[in-house]
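Undergrad: In terms of full-length UniProt numbering, the sequence shown has 255 at position 255, counting the first letter as 1, and numbering is strictly consecutive.
In this text, a Cβ means the ideal position worked out from N, Cα and C, and glycines have one as well.
Okay, handing you the structure first.
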Amino acid sequence: MAGGEEDRTGGLGQDGRPDTFRSVQYLRAVAAAMVMLYHVGYAFALLRDHPLRPHWLAAGVDIFFVISGFVMVLSTERREISGGRFLKERLARVVPLYWLVTGVFVAIMAAQGRVLPDVEEIAKSLLFIFYDNPRTHEPSPIVTAGWTLNYELFFYLVFALLIRLATPLRIGAMAALFLGLAALRQFVPHDDALLFRMTSPQPLEFVAGMALAYQRHLLLRLPPALGTAALGAGFVGLALIDSGFSRVVHFAPCATLIVAGTIACERLLRTDRPLARLLGDSSYSLYLTHPLVLEALPAGMVPPTWRLAGAAATLLACLGVSLAFYRWFELPSLRFFRRRLKGHPALAPAATARI
């Protein structure tokens, strides 16, 4: 989920293969925009009972998860890095903006005179622990979009614990772990928010991204036309196929196909596109801050005849707010923690051996 200039995916590795991908960075912007459109559309009652079933826009999250697995392999593959160092880098990337947005969200609730979350809710939200949110009646944190970060942190923790394994073994071990947890879900009470969420098969989307990273040289050999076809097929699958199965069964294969097709199209993007790069860099800010705009603006009070205009104005506000957060908080905090971590060794002695 978290992305930005630190995780930017353009350039060649020592073996001549791209180890950063403009295409994937631009896809981040698309994924964040999908989630924003989904939330704004429903807030203004524009998407309910729509014949095109635009619930598929929510699959931006699934695309993010696949990208996250892809980037984690890409960013650690040529570095001897300890699990502790990896976790420090990821926490420095994810936590500051999320904690700030959570604080702003609570401040908006207070300004509106609403019942505020108690200390336990705030603590669990800030520590990425699933709980039953009494306001949403779902296992989600105060900033509901943060449920994805709980999965991200879980993925980072497992990735860090297995970081000494060679990439193929790590992929297999993580797939086995997440499949095993998913198999236990039938025995977990649905009213236990933590166990119910942690036995979801959704973390397998991270593993799919890891597998794409490991086999990216094969994808890069494909004709761009085939990549474009895969990309299109993935989006068509999201939009038109109503599988009747769970979210993961429907969205995960399509999201994986979209990311794979995007990678195969990398050679079409030889020149940088500054606007697309900026939107990709700021996608984490857009994902986290657009709920602030929706919380602050009374979408439900907009007359039906003005809903489309209200939604358009809200989309522009979401983009503006996200760019402001990115420019004046996310980017400076990234640079601050990068300087702080620079003085610490990336490699612990125990991590020198690779299996």
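Relative to the C-alpha of A58, which candidate in V293, H250, R273, T262 has its C-alpha closest?
TA: Out of V293, H250, R273, T262, H250 has the C-alpha closest to the C-alpha of A58.
Undergrad: Output the distance between the C-alpha atoms of A317 and R22, rounded to the nearest integer angstrom.
TA: So the alpha carbons of these two residues sit roughly 26 Å apart.
Undergrad: Return the chain-ordered list of same chain residues with a C-beta closer than 7 Å to the C-beta of residue 356, the five sequence neighbours on each side being excluded.
TA: Nothing in the structure corresponds to residue 356, since the chain is present only between 1 and 355.
Undergrad: Excluding the five sequence neighbours on either side, which residues of its own chain have a C-beta within less than 7 Å of the C-beta of A145, listed in chain order?
TA: Result list for A145: Y287, L288, P291, in chain order.
Undergrad: Hey, out of L97, F65, I81, whose CA is closest to A324's CA?
TA: For the residues L97, F65, I81, the minimum Cα distance to A324 belongs to L97.
Undergrad: CA-CA distance, residue 367 and L269?
TA: Absent from the model: residue 367. The displayed extent of the chain is 1 to 355, so no value can be given.
Undergrad: Would you tell me roughly how many angstroms separate the C-alpha atoms of F337 and L126, rounded to the nearest one?
TA: Taking the straight line from one Cα to the other gives about 19 Å.
Undergrad: Is the beta carbon of F155 less than 8 Å from the beta carbon of S68?
TA: In this structure, S68 lies closer than 8 Å to F155 by Cβ.
Undergrad: Am I right that C265 and P304 are in contact with their C-beta atoms under 8 Å? What's the rounded C-beta distance?
TA: The Cβ separation is near 41 Å, so there is no contact.
Undergrad: Would you kindly check if the distance between the Cβ of N133 and the Cβ of R197 is under 8 Å?
TA: No, the pair does not count as a contact, with Cβ atoms beyond the cut-off.
Undergrad: If contact is defined by three or more beta carbon pairs under 8 Å, each pair taking one atom from either stretch, is the region 176-189 in contact with the region 198-208?
TA: Yes, the region 198-208 is in contact with the region 176-189.
Undergrad: Whole angstroms is fine: what's the gap from R340's alpha carbon to L91's?
TA: Going from the Cα of R340 to the Cα of L91 covers about 13 Å.
Undergrad: Please determine, among A173, W306, D191, the residue with the shortest C-alpha to C-alpha distance to S140.
TA: Looking at the Cα atoms, D191 is the closest of the given residues.
Undergrad: In its own chain, which residues sit with a C-beta less than 8 Å from the C-beta of P168, not counting the 5 before and 5 after it?
TA: Counting only Cβ-Cβ distances below 8 Å, and skipping sequence neighbours, we find Y214.
Undergrad: Can you list, in chain order, the residues of its chain whose CB lies under 7 Å from that of A45, leaving out five sequence neighbours each side?
TA: If we look at A45 and ignore the five residues flanking it on each side, its Cβ neighbours are R307.
Undergrad: Specify, as a first and last residue, the run of the alpha helix (DSSP H) that S125 falls within.
TA: Where S125 is concerned, the enclosing alpha helix (DSSP H) stretches over 119-126.
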